[in-house]
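Read through the structure below, which is laid out as structure tokens, and then see the notes.
Protein chains in written order, with the working numbering: chain A, 1 to 127; chain B, 128 to 596.
Take a look at the structure:
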């Protein structure tokens, strides 16, 4: 249904989340850090980005800030999933559609994903 | 650049084992099978470093998720969630290694260390790095490069690996130190031990040291015999009363201050009673400590009361400690005993009995050296020690001491014996040895009454006397 990017340095977690989203019918692209993700976002324009916080090269917060600074890709919604930095992320509600704490409930995540996708005009994401 | 200043581990006993701690800017391998304690150890060191103002970069490859690790560490007192993502960050670099190889991984580590201004780098997954390497040379280069760039910025490195030291591992030649953690079975018990297998530029305490994992993290107990020798205390010349006037006379005036006296005898012969007399002379000016394995404090006080022996109150200069005879660690017991003696400034110590240490021992062959070292350390504290040893034979004149060479380390030896004479139990007390003083060697009758121990007349040769040599 939609193209979703998952950014997480922890490979096992990223693939696990990717599988869950693919089961929901979405196409998933993984990235190991924010800088790689930014390059690919500019190329492929996902409908949604789900990102971790604590990562090498660029944190999830830095990624969201860089994303929003770019007018072309700024509108793409970002969901942050974090173990310890949830509170820090919530101080920036303008950057994140939602902030989920790890470990998260899969059903709740899927719910937030659908909400985020639904908020884009028309429901179905553009490619 | 690497200097000789130290990064302290914050782990009890470990900095002593490492002769001050890790060398700042140096690199170490922490080796151990899964479950041995590497993760807890490295996190404990990391959080201690953060508490002292350091910054940590904790790098994993393919391992349990970071959140899972945090949940496990939540129960540890050193873990502080508020530091995550600030002074300590955890990142996984598996994908970089998988997609781009060791060379890129080295660069990433350099950039991340700089970006985060890390002063401690923990790299968990050296074994994985080896899997990815084409040859041993690649791993050696990897370690050398990471080590070099970390040293350049003064960052200390801990490489964690699951390989065992028995495997030939080329990277061991590159690092400055190798610490191995093991978890083995001794009899029915599990014993955790730590060994510094290599220590460049620092004189670590060699051999195996036991450790435990608690909610406070890891606590190590440096092997007593491996510690540098202690200086003697300056208590020469003074004598302490045993609490029994007649016994003081027989001993030539009392017990030499700082000496170690062993009371040997079968069960019921009066060893504890004698110890209680000794402790009855404790007070605020001469603090006493009872370190025992058998009687609880309440029971001991009851016994003293039944014997008519007055003991100071708990806040009046006498501390009663009891360690159950469960699965103990001798070094832990020794360290605790010495710390307590030191903390209390104890002048009178009653150790009831040495058998408690013996039962706790996993390697009985070291006991003679262990006891000798323990006694030296107690002497160095200036405390006068009276220790009991239970002989197995209930009746009879035979004397069997614990270990052939232990008598050489004792200063004084008192024997309590029991023989049957005309269907009556005859108790006796005799002095076998008093170092550097004259004494009366005759065996004397001993009675246990409600007025304490009563020493009677010398017994005739035969039953109750020392057996012929």
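Virtual Cβ for every residue (Gly too), placed ideally from N, Cα, C. Bear in mind that the values here come from a model prediction, so they are computed numbers and not experimental data.
Hey, would you say residue i sits closer than 7 angstroms to residue j, going by beta carbons?
i	j	result
residue 386 (chain B)	residue 538 (chain B)	yes
residue 414 (chain B)	residue 453 (chain B)	no
residue 248 (chain B)	residue 287 (chain B)	no
residue 543 (chain B)	residue 368 (chain B)	no
residue 327 (chain B)	residue 146 (chain B)	no
residue 347 (chain B)	residue 141 (chain B)	yes
residue 266 (chain B)	residue 231 (chain B)	no
residue 48 (chain A)	residue 117 (chain A)	yes
residue 434 (chain B)	residue 407 (chain B)	no
residue 332 (chain B)	residue 356 (chain B)	no
residue 149 (chain B)	residue 283 (chain B)	yes
residue 63 (chain A)	residue 80 (chain A)	no
residue 312 (chain B)	residue 167 (chain B)	no
residue 154 (chain B)	residue 302 (chain B)	yes
residue 236 (chain B)	residue 177 (chain B)	no
residue 84 (chain A)	residue 208 (chain B)	yes
residue 264 (chain B)	residue 11 (chain A)	no
residue 202 (chain B)	residue 388 (chain B)	no
When we look at the beta-carbon of residue i and count the other beta-carbons within 10 Å, is it buried (16 or more) or exposed?
i	result
residue 550 (chain B)	exposed
residue 581 (chain B)	exposed
residue 595 (chain B)	Caution applies to residue 595 (chain B), whose pLDDT of 39 falls short of 50 and renders its modelled position unreliable; the model cannot decide the point.
residue 426 (chain B)	exposed
residue 460 (chain B)	buried
residue 77 (chain A)	buried
residue 591 (chain B)	With a pLDDT of 44 at residue 591 (chain B), under the threshold of 50, the predicted position of this residue should be treated as unreliable, and no value is reported.
residue 115 (chain A)	exposed
residue 5 (chain A)	buried
residue 219 (chain B)	buried
residue 240 (chain B)	buried
residue 106 (chain A)	exposed
residue 119 (chain A)	exposed
residue 108 (chain A)	exposed
residue 90 (chain B)	Because chain B here runs from 128 to 596, residue 90 (chain B) falls outside it and cannot be looked at.
residue 119 (chain B)	It is not possible to answer for residue 119 (chain B), since the shown part of chain B is limited to 128 through 596.
residue 46 (chain A)	buried
residue 123 (chain A)	The predicted model places residue 123 (chain A) with a pLDDT of 44, which falls under 50 and marks its position as unreliable, so this point remains unresolved.
residue 315 (chain B)	exposed
residue 26 (chain A)	buried
residue 128 (chain B)	No answer about residue 128 (chain B) holds up, because its pLDDT of 38 lies below 50 and its placement is not dependable.
residue 126 (chain A)	Residue placement at residue 126 (chain A) is flagged as unreliable, the pLDDT there being 46, under the threshold of 50; a coordinate-derived value is accordingly withheld.
Using DSSP's beta-bridge definition, name the partner residues of residue i.
i	result
residue 297 (chain B)	According to DSSP, residue 297 (chain B) bridges with nothing at all.
residue 310 (chain B)	B:319
residue 5 (chain A)	A:29, A:49
residue 545 (chain B)	B:554
residue 304 (chain B)	B:155, B:326
residue 247 (chain B)	B:183, B:283
residue 477 (chain B)	B:417, B:513
residue 470 (chain B)	DSSP output for residue 470 (chain B) lists no bridge partner at all.
residue 388 (chain B)	B:513, B:539
residue 576 (chain B)	B:579
residue 373 (chain B)	None, per the DSSP bridge assignment.
residue 587 (chain B)	Per DSSP, none; premise fails for residue 587 (chain B).
residue 437 (chain B)	According to DSSP, residue 437 (chain B) bridges with nothing at all.
residue 346 (chain B)	B:139, B:339
residue 44 (chain A)	Answer is none; residue 44 (chain A) lacks a bridge partner.
residue 101 (chain A)	A:82
Out of the options, which has the shortest C-alpha to C-alpha gap to residue i?
i	options	result
residue 108 (chain B)	B:228, B:429, B:480	In the structure displayed, chain B extends from 128 to 596; residue 108 (chain B) sits before or after that span and is not available.
residue 382 (chain B)	B:165, B:554, B:514, B:195	B:514
residue 476 (chain B)	B:409, B:534, B:535	B:409
residue 586 (chain B)	B:440, B:557, B:278	B:557
residue 322 (chain B)	B:575, B:165, B:559	B:165
residue 246 (chain B)	B:402, B:180, B:508	B:180
residue 560 (chain B)	B:339, B:500, B:570, B:252	B:570
residue 198 (chain B)	A:101, A:14, A:39, A:24	A:101
residue 419 (chain B)	B:318, B:572, B:482	B:482
residue 225 (chain B)	B:243, B:242, B:189, B:250	B:189
residue 412 (chain B)	B:445, B:402, B:389, B:431	B:445
residue 309 (chain B)	B:334, B:358, B:300	B:334
residue 512 (chain B)	B:579, B:448, B:416, B:393	B:416
residue 300 (chain B)	B:554, B:160, B:325	B:325
residue 67 (chain A)	A:57, A:41, A:92, A:112	A:41
residue 213 (chain B)	A:15, A:99, A:53	A:53
residue 2 (chain A)	A:15, A:69, A:14, A:29	A:29
_Please give the ranges of any beta strand (DSSP E) in the region 391-427 of chain B, keeping only runs that are unbroken, at least 3 residues long and fully inside the region._
415-419
*Taking only runs that begin and end inside the region 69-96 of chain A, name each unbroken beta strand (DSSP E) of 3 or more residues, in chain order.*
78-82
_If the cut-off is 7 angstroms on Cβ atoms, which residues from the region 191-202 of chain B count as contacting chain D, listed in chain order?_
Absent here is chain D; the protein component of the structure consists of chains A and B.
*Tell me the start and end of each unbroken alpha helix (DSSP H) in the region 194-264 of chain B that is at least 4 residues and wholly inside, in chain order.*
221-243, 253-259
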